[in-house]
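Participant: Residue -2 is where the sequence shown starts when you use the working numbering, and the numbers rise one by one after that.
Below is the structure I would like to discuss, written out as C-alpha cells.
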Amino acid sequence: MLGLLAHKWNWKKRRKAAGRPYDQPNVIFGAEVHVCWEKFARYFDVEMRMVPLKEDCFTLRVDEVKKLIDENTIAVGAILGTTYSGQSDPIVELNQLLLDVKKEKGWDIPLHIDGASGGFVVPFTTPDLVWDFRLEQVKSINVSGHKYGLVYPGVGWILWRDETDFPEELVFKVDYLGGWMPTYTLNFSRSSAGVLAQYYNFLRLGKEGYRQVMTNCLENAQHLAKQLQKSGKFTMIHRGDLLPIVAMRLEKKITGYSVFDLSSKLRERGWVMSAYTLPPDAEHIAILRVVVRENFSRDMVNLLFQDIMEACDKLEEPQESVAPRSRDKHRPIC
C-alpha cells in the first residue's frame, strides 16, 4: 500500500508539472492479488483495473495489461507467488511491455512487485531468476517477514529502487521522541519486536541458513505434490516448483464430494487445509492449498498424504441414509 501510494504521488507530480489533469489515476493488477491491493484503490480513490483470471491461466496476462494501460496508469502490479496458487506473474514480460510503452509513448510506468510470499524464498533457492531490481521498470518491492522471513506477524518491508522513486513529501519528521526521526507509515505506534526478531534471524541464519531452510521447504512441498499427483485424484496447479506451496483441484471424474468436503474431513484429523474458489472469472474453480512451513518435516508430509487418502476413501464410501423421525415422537422439554 505504501509503495503504490508513493507511485501515485510521483505520477501526480509529473502530471502537475506538465500541466496535465491528475484527477483520474488508475492502477493495473490481476484478480489474484491480496486484498490490500483493492484496499489501496478504494481508500486512495484510484481506479482499479483488474485483469480477470481464465480457466487455464491463474496469473496476470500481459496482453490484457497492454489493453488497459494509458497515461493515467500510476503503476502495474505483479505478484511473486500468489496467495491463491503460489504461481508467479510473468514479471519479465511485464517489464518488457512497460519498456515498450515508455519508448513508444513516453509513459514511464513503474512496476511494483508484491513479494510477500516469494521475496524470502526465491533469492535463496533460485537466485538466477530475474524478477527484482535487475529489471529496469521494477521500482518497488514489498516483502513479508512474517511469512518465509520466519518471524511472527506482522512485519513487512518495502524497498525502492532509488531514492528518487520515493517522494520526500510523504515523509514526516517528528522530534517528540528526543531527536528528529523520519516516519512513513499508515498505522502509527507499533511494537519493534518483529523488527528485532527479523534482525536476529538475519544474524543467526544468514544467507546460507535461509537457503537451507527454504530448500528443505521446497523439497517437502515437491514430495507431497508428487504423491498427490500419483494418486490420480488431483489435478496439480502448483507443485512447489517456485514456492513451497502445493495447490490442486479434484479430478473432474470425482463428483461425489468437493474440496470443501475434503477440507472439512481433514480438520477432523487436525489439518487446516484451505479450500476456496478462485477470483473472477474463475469462480467456478475450487482448489485446495497446502503451505509448507519450515517446521513441516518429511514425516509430517507423509502423514498428511496418508490422511488425505484416507479422507478421500471415507468420502467415497456410500453414505447411509437416516430415516427422518416422526414429529409425533418429539417431546417438549418444558
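Even for Gly, the Cβ is constructed at its ideal location relative to N, Cα and C.
Please read these numbers as outputs of a predicted model, since none were measured by experiment.
#1: Nearest by alpha-carbon distance to residue 30: which of 235, 55, 299 and 131 is it?
#2: Taking 8 Å as the cut-off, decide whether the C-beta atoms of residue 140 and residue 116 are in contact.
#3: Specify, as a first and last residue, the run of the beta strand (DSSP E) that residue 247 falls within.
#4: What is the DSSP secondary structure of residue 339, counted as helix, strand or coil?
#5: Exposed or buried, residue 262, counting other C-beta atoms within 10 Å across all chains shown (16 or more means buried)?
#6: Kindly indicate which three-state DSSP category residue 27 falls into: helix, strand or coil?
#7: Residue range of the beta strand (DSSP E) that residue 231 falls in?
#8: Can you grab the Cα-Cα spacing for the pair residue 256 / residue 127, in whole Å?
#9: Mind checking residue 193: buried by the 16 CB within 10 Å criterion, or exposed?
#10: Apart from the five residues just before and just after residue 158, which ones in its own chain have a Cβ nearer than 6 Å to its Cβ?
#11: Could you pull the DSSP bridge partners for residue 46 from this structure?
#12: Go to residue 259, then tell me how far its beta strand (DSSP E) extends in each direction, as first and last residue.
#13: If you draw a straight line from the alpha carbon of residue 65 to that of residue 209, how long is it in whole angstroms?
#14: For residue 178, write down the residues that DSSP places opposite it in a beta bridge.
#15: Could you give the first and the last residue of the continuous alpha helix (DSSP H) run that contains residue 136?
#16: Taking the straight line between their C-alpha atoms, what separation do you get for residue 333 and residue 303?
#17: Taking only three categories from DSSP, how would you classify residue 286?
#18: Of all the beta strand (DSSP E) runs that stay within the bounds of the segment 34 to 87, which reach a length of 3 or more residues?
#19: On the three-pair Cβ rule with 8 Å, is the segment 10 to 30 touching the segment 238 to 251?
#20: Less than 8 Å between the beta carbons of residue 92 and residue 108, yes or no?
#21: What number of angstroms, rounded off, separates the C-alpha of residue 205 from the C-alpha of residue 146?
#22: Using only CA atoms, which one of 231, 238 and 60 lies nearest to residue 216?
#23: Between which two residues does the beta strand (DSSP E) carrying residue 111 extend?
#24: Please report the Cβ distance between residue 59 and residue 94, rounded to the nearest whole angstrom; I am assuming they are in contact, meaning their Cβ atoms lie under 8 Å.
#25: With a threshold of 8 Å, are at least 3 pairs of Cβ atoms found where one atom belongs to the segment 161 to 174 and the other to the segment 1 to 11?
#26: Is it buried or exposed for residue 69, if we count other Cβ within 10 angstroms and need 16 for buried?
#27: Just confirm the distance between the C-beta atoms of residue 284 and residue 222, as a whole number of angstroms; I'd bet it's less than 8 Å.
#28: Based on DSSP bridge pairs, tell me the residues matched to residue 274.
#29: Let me know if residue 111 comes out buried or exposed under the rule of 16 or more other beta-carbons within 10 Å of its beta-carbon.
#30: I need the boundaries of the alpha helix (DSSP H) containing residue 6, first residue and last residue.
#31: Are the CB atoms of residue 289 and residue 214 nearer to each other than 8 Å?
#32: Report the option in 33, 218 and 14 whose CA atom is closest to the CA atom of residue 298.
#33: Under the three-state reduction of DSSP, which class applies to residue 305: helix, strand or coil?
#34: Spell out a yes or no on whether the segment 179 to 193 and the segment 264 to 282 are touching, meaning 3 or more CB-CB pairs, one atom from each, closer than 8 Å.
Facilitator: The relevant details are as follows:
#1: The residue with the shortest Cα to Cα distance from residue 30 is 55.
#2: Against a cut-off of 8 Å, the Cβ pair of residue 116 and residue 140 comes out as a contact.
#3: Judged by DSSP secondary structure, residue 247 falls within the beta strand (DSSP E) whose first and last residues are 242 to 247.
#4: Residue numbering for the chain in the displayed model covers -2 to 331; residue 339 lies beyond these limits and cannot be assessed.
#5: Counting Cβ neighbours within 10 Å, residue 262 comes out buried, since at least 16 surround it.
#6: If DSSP states are grouped into helix, strand and coil, residue 27 belongs with the strands.
#7: 231 to 236 is the span of the beta strand (DSSP E), which, as asked, contains residue 231.
#8: C-alpha separation (whole angstroms): 35 Å.
#9: Sixteen is the threshold: since fewer than 16 other Cβ atoms of the shown chains lie within 10 Å of the Cβ of residue 193, the residue is exposed.
#10: Beyond the five residues adjoining it in sequence on each side, residue 158 comes within less than 6 Å, by CB distance, of 130 and 136 in the same chain, given in chain order.
#11: 25.
#12: Element bounds for residue 259: not the beta strand (DSSP E) but the alpha helix (DSSP H), 256 to 264.
#13: Distance between residue 65 and residue 209, taken at the CA atoms: about 41 Å.
#14: In the DSSP secondary-structure assignment, residue 178 is bridged to 171.
#15: Looking at the DSSP string, residue 136 is not in any alpha helix (DSSP H); the run it does join, the beta strand (DSSP E), is 135 to 141.
#16: Given that the chain is displayed from residue -2 to residue 331, the structure contains no residue 333 and the question cannot be resolved.
#17: In the three-state DSSP reduction, residue 286 falls in the strand class (E or B).
#18: Complete beta strand (DSSP E) runs here, min 3: 44 to 48 and 70 to 76.
#19: No: fewer than three Cβ pairs fall under 8 Å.
#20: A contact, by the Cβ cut-off of 8 Å.
#21: Approximately 14 Å between the Cα atoms of the pair.
#22: Distance check between residue 216 and each of 231, 238 and 60 places 238 closest, using alpha-carbon atoms only.
#23: Unbroken beta strand (DSSP E) run through residue 111: 108 to 111.
#24: The Cβ separation is near 6 Å, so the contact holds.
#25: Taking a cut-off of 8 Å on C-beta distances, the segment 161 to 174 touches the segment 1 to 11, as three or more cross pairs fall below it.
#26: It is buried - the Cβ of residue 69 has at least 16 other Cβ atoms within 10 Å.
#27: Rounded, the Cβ-Cβ distance is 13 Å, inconsistent with contact.
#28: Bridge partners of residue 274: 283.
#29: By the 10 Å Cβ count, residue 111 comes out buried.
#30: Residues -1 to 14.
#31: Contact flag set, yes.
#32: Nearest option by C-alpha distance: 218.
#33: Helix at residue 305.
#34: Touching, no.
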